[in-house]
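What follows is a single structure, written as structure tokens, with notes after it.
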Amino acid sequence: MHIKKERFKHLLDSQFAIAFLAAPFLLFAYQFIYFGQISFHLIPFKRLLMSVIVSPLIEEIVFRGFIQEWLYSHRWAKKTVFLISPANLITSFIFTAFHFFAHPPLMAALVFVPSLVFGYFRDRHGGITSPVILHCLPASRCTRRGAPRTHRQRS
């Protein structure tokens, strides 16, 4: 079976690999900034599925797949300044603004930088596969890694 390299080009991108590997550490930093500590909790499977797969997937389809794509279709939105396109910047402001409806202000504001990273890879790779992976997989990896420790501490 022959696999086309173009479909998986994001996996061969060294910048993507760095972002993917840095994500768990940044999640720990985010948790420390917001909660003042790093802790692990067991959460029900449905909640885990929603927070790690479904919600990030829907967010990336809406924000990077529709909004950023529509903005990127305009010539003025394609020029980058310090690797950030206007389409990415505007999408990230909207993405962050929507988080203010569901989260406390500090928590909502902290999604701005990851949103810029997701948008950068949407621009770089021309699709939403990279942002979806960055949004979903590192979070699930951290959650799964933490769950057994919490379980062992309780026994």
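Using the working numbering, the letters of the sequence shown map in sequence onto residues 65 to 219.
For every residue, glycine included, the Cβ atom is placed at its ideal position computed from N, Cα and C.
Residue i - containing alpha helix (DSSP H), residue span
i    : result
W134 : 133-136
L153 : 150-166
Cα-Cα separation, residue i to residue j
i    : j    : result
I125 : Q79  : 22 Å
V196 : H138 : 23 Å
I131 : R186 : 12 Å
E123 : F146 : 25 Å
A151 : V177 : 15 Å
A172 : F165 : 8 Å
A86  : W140 : 31 Å
L129 : G191 : The residue you asked about is not Leu; residue 129 is Gly in the sequence shown. Distance between the alpha carbons of G129 and G191 is about 7 Å.
L170 : L76  : 34 Å
F162 : V118 : 17 Å
F89  : F96  : 11 Å
F92  : V116 : 15 Å
K142 : H189 : 14 Å
Three-state secondary structure (DSSP) of residue i
i    : result
V116 : helix
V240 : This structure cannot speak to residue 240, because the chain is shown only from 65 to 219.
V175 : coil
D187 : helix
I125 : helix
Cβ separation of residue i and residue j, assumed to be a contact under 8 Å, to the nearest whole Å
i    : j    : result
C200 : L112 : With a Cβ gap of about 11 Å, C200 and L112 do not count as contacting.
T155 : L135 : 6 Å
S179 : T160 : 6 Å
Y184 : I148 : 7 Å
A83  : V181 : 6 Å
Beta-bridge partners of residue i, as assigned by DSSP
i    : result
V145 : I148
Residue i CB to nearest heavy atom of the ligand ZN below 7 Å
i    : result
C200 : Although the ligand ZN was asked about, the structure shown includes no ligands whatsoever.
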